[in-house]
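Structure first, then comments.
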Amino acid sequence: MSHFLKILLFVFLSSKLISQNCNDLLVPDSIYKPTEQKKVPGKVMTTNLKNGGKVQLISVGGKYVLKITPNEKLGFVESGPLEIKSGSKSFFVKNATLYDIKEQNAYFLIDVMINYIGTLKDDGITSILFNTKFESKMQKEDVSNIKKMSRCFYELHKK
1054 MSHFLKILLF VFLSSKLISQ NCNDLLVPDS IYKPTEQKKV PGKVMTTNLK
1104 NGGKVQLISV GGKYVLKITP NEKLGFVESG PLEIKSGSKS FFVKNATLYD
1154 IKEQNAYFLI DVMINYIGTL KDDGITSILF NTKFESKMQK EDVSNIKKMS
1204 RCFYELHKK
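Each number in the numbering used here corresponds to the 1-based position in the sequence shown with 1053 added.
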């Protein structure tokens, strides 16, 4: 019986440590929403990409935003169709805007649902395709890091 209690205690403490680490990754911050032309408070979880870009999951007032800063030139058009590939699955945005197109830190802001974050926790982001011709592929390590971040974010926000 004592051995069983030790195992149970170990599992309980391990889960607490894991969830605490996820809580530490969720940082209070504000995000500028260009469509609303204002900053809104939220909580942000970030993973940096090997090429200097980053992927962020943001919780803003019970809604979720995916911010992708690819750190690559994706053409000269500010808006168009965006396909986010996760292995064999794809998430389509009919008319996505690439904000700050002239800057090195150009980014996409995409409103997402928690079930899509569930897809990211399982499959990550393998590439993004903008305007059906400009593709940015993620390295294996980046895909793995996106999965880990998404798993933490998902566990903290699922209902």
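Idealized CB from N, CA, C, for every residue including glycine.
- The beta strand (DSSP E) runs lying completely inside the stretch 1152-1192 and spanning 3 residues or more are 1160-1165, 1180-1183 and 1187-1190, given in chain order.
- Residue 1177 and residue 1133 have their alpha carbons spaced roughly 22 Å apart.
- The beta carbon of residue 1149 lies closer than 6 Å to those of 1135 and 1161 in the same chain, with the five residues before and after it left out.
- A direct Cα-to-Cα measurement between residue 1096 and residue 1112 gives close to 5 Å.
- Rounded to the nearest whole angstrom, the C-alpha separation of residue 1194 and residue 1088 is 32 Å.
- Our two residues, residue 1211 and residue 1167, have alpha carbons roughly 7 Å apart in a direct line.
- At a Cβ-Cβ threshold of 8 Å, residue 1127 and residue 1151 count as neighbours.
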